[in-house]
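Undergrad: Here you go, one structure.
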Amino acid sequence: EALRRDSEKSPLEKLLRRGAQAKKCYAARLTFRRLDEESRVKARVKWTEGRQFVAESGSGHSVVIDGPPDHGGRNTGPRPMEMLLMGMGSCTAFDILNILDKARADVTDCVAELDAERADEVPAVFTKIHVHFVVTGHALKEKQVQRAVELSAEKYCSASIMLVNGGVEITHSFEIIEA
Numbered sequence: 377e378a379l380r381r382d383s384e385k386s387p388l389e390k391l392l393r394r395g396a397q398a399k400k401c402y403a404a405r406l407t408f409r410r411l412d413e414e415s416r417v418k419a420r421v422k423w424t425e426g427r428q429f430v431a432e433s434g435s436g437h438s439v440v441i442d443g444p445p446d447h448g449g450r451n452t453g454p455r456p457m458e459m460l461l462m463g464m465g466s467c468t469a470f471d472i473l474n475i476l477d478k479a480r481a482d483v484t485d486c487v488a489e490l491d492a493e494r495a496d497e498v499p500a501v502f503t504k505i506h507v508h509f510v511v512t513g514h515a516l517k518e519k520q521v522q523r524a525v526e527l528s529a530e531k532y533c534s535a536s537i538m539l540v541n542g543g544v545e546i547t548h549s550f551e552i553i554e555a
């Protein structure tokens, strides 16, 4: 039936229809490209000397990463695996603050203390990570903080969920301090 309707249209109407479809297709391609660019994260890591590197994020921030002297470094920055651990800690603490802010909790400080175990053999991947949150504020509710920790661990923290999916056992605990 659609073919009959299309065949009844004049050549000009058919051309206009195809043009409109092409515009929609082009707009969809632009939308997909834009979404793809938004989901990308870029970084550049430049070797400077020994085992020292300067890493620059796509947002323009830099950090020095270095190894210990017994591996050719000069101990001028965190180790690569420490950066990974710090990134995960920042990611989950960021989530917890966002969740508690939305709950209108009066948070004055939040510290994520991380303790990780690595495999004995190469590659010395993380096998276990424990994150302990120390959340300080006024009249904070235990259930709110617990729910924020659970939501970060199970739904929002991209870094920790990626590590869990890679086989790392991650546990969490928290304490609340009245400000």
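Throughout, our numbering is defined as the position within the sequence shown, counted from one, plus 376. Built from N, CA and C at the ideal position, the CB exists for glycine as well.
1. Can you tell me where the alpha helix (DSSP H) with residue 516 in it begins and where it stops?
2. In the structure shown, what three-state DSSP assignment does residue 497 receive?
3. Secondary structure at residue 437, three-state DSSP: helix, strand or coil?
4. Over the uninterrupted beta strand (DSSP E) stretch that includes residue 549, give me the two end residues.
5. For residue 523, does the three-state DSSP call read helix, strand or coil?
6. Three-state secondary structure (DSSP) at residue 402?
7. How about residue 503 and residue 493: do their beta carbons lie closer than 8 Å?
8. Alpha carbon to alpha carbon, how far is residue 515 from residue 430? Give it in angstroms, no decimals.
TA: On the basis of the supplied data:
1. The continuous stretches of alpha helix (DSSP H) do not include residue 516, and DSSP gives it neither H nor E.
2. coil
3. coil
4. Here the beta strand (DSSP E) through residue 549 covers 545–554.
5. helix
6. The predicted position of residue 402 is uncertain, since its pLDDT is 49 and thus under 50; no value can be drawn from it.
7. yes
8. Taking the Cα positions, residue 430 is about 42 Å away from residue 515.
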